[in-house]
Amino acid sequence: MKSMSGVPGMWLRSGAGWDSLRAAWHYLPIAIVLLVWQVVVEFDLVNRAFLPSFGETLSALWEMTRNGEIGFNLLVSLYRAFAGLAIGSIIGVAIGLAMATSRRADEFFGPLVATTYSLPKSSLVPLFILWFGIGDVASIVSVVLACLLPVIVSTYHGVQSVPPVIVWSARAMGTPHHLIMWRILLPSSLLSIFTGVRIALGFCFVLTISVEMIAAKTGIGKLIFLYGENGAYAYMFGGLFAIVVVAYAADRILLVAMNYLLRWDDSIHAAHVGD
Amino acid sequence: MISICVKDLNKRYRARDGDVAALADVDIDIAEGEFVTIVGPSGCGKSTLLYILGGFIGADGGIIEINGKAVTGPGVDRGVVFQEYALFPWLTVAQNIRYGLEMSGAPRQRCEETVERLVRTIGLQGFEHRFPRELSGGMKQRVAIARTLAYDPKILLLDEPFGALDAQTREVMQDELLGLWQATRKTVMMVTHDVNEAVYLSERVLVMSQRPGRIVQEFKVAIDRTCEREVTVLNEDFNQLRNEVWLAVRRQAGARSV
């Protein structure tokens, strides 16, 4: 900065200075929440037994990271969440494509999708425990189910809004029927599909954690639940913190991938997705 | 030899308050190598006619034949250039141009050679790896034409190909199309509402009526196309003919209020 000090107003226009100011603005709300948290605890505005301070949470997290508790359970939870997300997304895209391109598929799946759309998938968890027992399968099945619907709906709408002239020009250039879906409809509706997958990404963590709380022996959800039950709130918050960070990172990675794969798309640049 | 043959073509659209006739008893014959333009007021069904010839939508009666064979769907014997280009936005310029060739199963080597040649023809060297969103309207239009020429269809169907371009670019593109047609002698059927463009480019101009569209008038254009644009456009005969066509279209446009 010292080289610019002689030029008034340069500071504002300089790329680096302006960018870091914007980044600060971006994370300001998070900083405020952490500050309020620390202040509330420091000044004994709430009972310390019920709400550990941010510092205590971090040191609990550090301890759990060092003894491997976080690492192991995080891996287990991520496996369940991402396996469910992947399976749910693939099936969701397939069903969405089928519904958008075949009236028979639309009539077959349509009512099912419409009626189960607003059903909280977690309400089915007791049933899954009954069917699949405690562990990975019950978690993954619940996640698959939760991820399925947003992906089906967004794929369906994405394919339906492909301009007819795009399909026509593909046909005019000799694209056989069986390739239209793969070569034309899928790339055309990629933005919409990604939007659905991004919603599903959120759901996959919610479902994994909540299912683990009642139907697993391992996983971050179970960890949070156990520490909560034992009143070790600093550790509970530590586990919570870990999953929040990981979920946030996963969303960012998805956004970066999306921005790259959709670098040809006008709307993604206009909409400042991932700003 | 007749390349495009349309007889008693009818097309109706289903609307909420009953059927709407879009085309009524359309008859058109276009010889091989001929450049024919259809002009008419907007909404007269001229694009519908082109889509039927492209095989994208079905007719409700009549005969539609391409080189003696009835049209049953889209085919690579007809290259179509759409109003808004309809390029594939997820493919680069080079990938867009080679798409049709790739679909025909042409060997890699030939695909690459053709793409290189066409990119040079349309003057987009250096833009091969750009996506359509990074191109200007004129560039997109060039790519749209190039990707159609890539698989060498015998017939070109052009749906208001220059409608979205500014006046200067449009003139440049018209001259490029003219040069291209003279070099390849493909059969061209173009649809436009630009009378000037129709007379400047085509050998025959067909005027379509207000909906339901029929061919109501035909003009033969006998101008020397080897001259420069200025010479042609400032020519007395050209202007006379253009005015006649313009009046004919205007009469059709005005017929709505009757």
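The listed protein sequences derive, respectively, from chains A and B.
Going by the numbering used here, the first sequence opens with residue 175, and the numbers climb by one from there.
Going by the numbering used here, the second sequence opens with residue 1480, and the numbers climb by one from there.
For glycine and all other residues, C-beta sits at the position ideal for the given N, C-alpha and C.
Beta carbon of residue i nearer than 8 Å to that of residue j
i          : j          : result
LYS1619(B) : PRO1632(B) : no
ALA389(A)  : ILE303(A)  : yes
VAL371(A)  : SER263(A)  : yes
LEU1657(B) : VAL1560(B) : no
ILE1483(B) : ILE1507(B) : yes
VAL1674(B) : ARG1721(B) : yes
ILE314(A)  : GLY258(A)  : yes
ASP1504(B) : ARG1693(B) : yes
ILE394(A)  : MET410(A)  : no
ASN1575(B) : VAL1622(B) : yes
ALA1629(B) : LEU1580(B) : yes
VAL1738(B) : LEU1532(B) : The question about residue 1738(B) has no answer, for chain B in this structure spans 1480 to 1737.
SER328(A)  : SER292(A)  : no
LYS295(A)  : LEU381(A)  : yes
PHE1606(B) : LEU1614(B) : yes
ASN334(A)  : ALA274(A)  : Looking at the sequence provided, one finds Gln at residue 334(A) rather than Asn. A contact, by the Cβ cut-off of 8 Å.
Where residue i sits in the DSSP three-state scheme
i          : result
VAL220(A)  : coil
GLY1497(B) : strand
CYS378(A)  : helix
CYS321(A)  : helix
LEU1685(B) : strand
GLY183(A)  : Model confidence at GLY183(A) stands at a pLDDT of 48, short of 50, so the residue's coordinates are unreliable and nothing is read from them.
LEU371(A)  : The identity of residue 371(A) in the sequence shown is Val, whereas the question assumes Leu. Reduced to three states, the DSSP call for VAL371(A) is helix.
ASP1487(B) : strand
PHE302(A)  : helix
GLN1696(B) : strand
ARG1617(B) : Per the sequence shown, residue 1617(B) should be read as Gly rather than Arg. GLY1617(B): helix per DSSP, three-state reduction.
ILE398(A)  : helix
MET238(A)  : helix
TYR1679(B) : helix
ASP449(A)  : Legend: pLDDT at ASP449(A) = 43, less than 50; position of this residue unreliable, value from coordinates given subsequently. Looking at ASP449(A) - three-state DSSP - the assignment turns out to be coil, as it is neither helix nor strand.
LEU1480(B) : For the sequence presented, residue 1480(B) should be read as Met rather than Leu. Here MET1480(B) sits in coil by DSSP.
TYR1492(B) : strand
GLY1460(B) : Limits of chain B in this structure are 1480 at one end and 1737 at the other, which puts residue 1460(B) out of reach.
LYS391(A)  : coil
ASP1504(B) : strand
SER177(A)  : Note that SER177(A) scores 44 on pLDDT, short of 50, meaning its location in the model is unreliable; the coordinates nonetheless yield the value given after this. The answer is helix: DSSP assigns SER177(A) an H, G or I state.
LYS1548(B) : strand
ILE308(A)  : coil
VAL336(A)  : coil
VAL214(A)  : helix
LEU1656(B) : helix
Whole-angstrom C-beta distance between residue j and residue i, which should lie under 8 Å
i          : j          : result
SER316(A)  : VAL299(A)  : 6 Å
THR1666(B) : GLU1639(B) : Not really, about 18 Å apart at Cβ, beyond 8 Å.
GLY1534(B) : GLY1552(B) : 4 Å
PRO324(A)  : ILE261(A)  : Rounded, the Cβ-Cβ distance is 14 Å, inconsistent with contact.
Give, in chain order, every residue of the region 293-306 of chain A whose Cβ lies closer than 7 Å to some Cβ of chain B. none
On the three-pair Cβ rule with 8 Å, is the region 212-230 of chain A touching the region 282-296 of chain A? no
Mind listing which residues of the region 1573-1588 of chain B have their C-beta closer than 8 Å to chain A's C-betas, in chain order? Answer in chain order: TYR1578, GLY1579, MET1582 and SER1583.
Compile a chain-ordered list of the residues in the region 1628-1648 of chain B whose CB is closer than 8 Å to at least one CB of chain A. TYR1630
With a cut-off of 8 Å, do at least 3 Cβ pairs link the region 1683-1702 of chain B to the region 1724-1734 of chain B? yes
With a cut-off of 8 Å, do at least 3 Cβ pairs link the region 372-387 of chain A to the region 249-256 of chain A? The count of Cβ pairs closer than 8 Å, one atom from the region 372-387 of chain A and one from the region 249-256 of chain A, reaches three, so the stretches are in contact.
Are there three or more Cβ pairs, one per stretch, closer than 8 Å when the region 333-352 of chain A is compared with the region 1554-1570 of chain B? yes
Please name the residues in the region 316-346 of chain A whose beta-carbon is closer than 7 Å to at least one beta-carbon of chain B, in chain order. Residues of the region 316-346 of chain A with a C-beta less than 7 Å from any C-beta of chain B: VAL339, ILE340, TRP342, SER343, ARG345 and ALA346, listed in chain order.
Quick check: the region 1698-1713 of chain B against the region 1539-1548 of chain B, are there 3 or more CB pairs under 8 Å? no
Does the structure place the region 410-428 of chain A close enough to the region 1585-1592 of chain B that three or more beta carbon pairs sit under 8 Å? no
Output needed in chain order: residues of the region 1528-1552 of chain B with a Cβ under 7 Å from some Cβ in chain A. GLY1533 and PHE1535
If contact means a Cβ-Cβ distance below 8 Å, which residues of the region 1648-1682 of chain B contact chain A? none
Chain A contacts from the region 1597-1618 of chain B (Cβ-Cβ distance under 7 Å): PHE1610 and ARG1612
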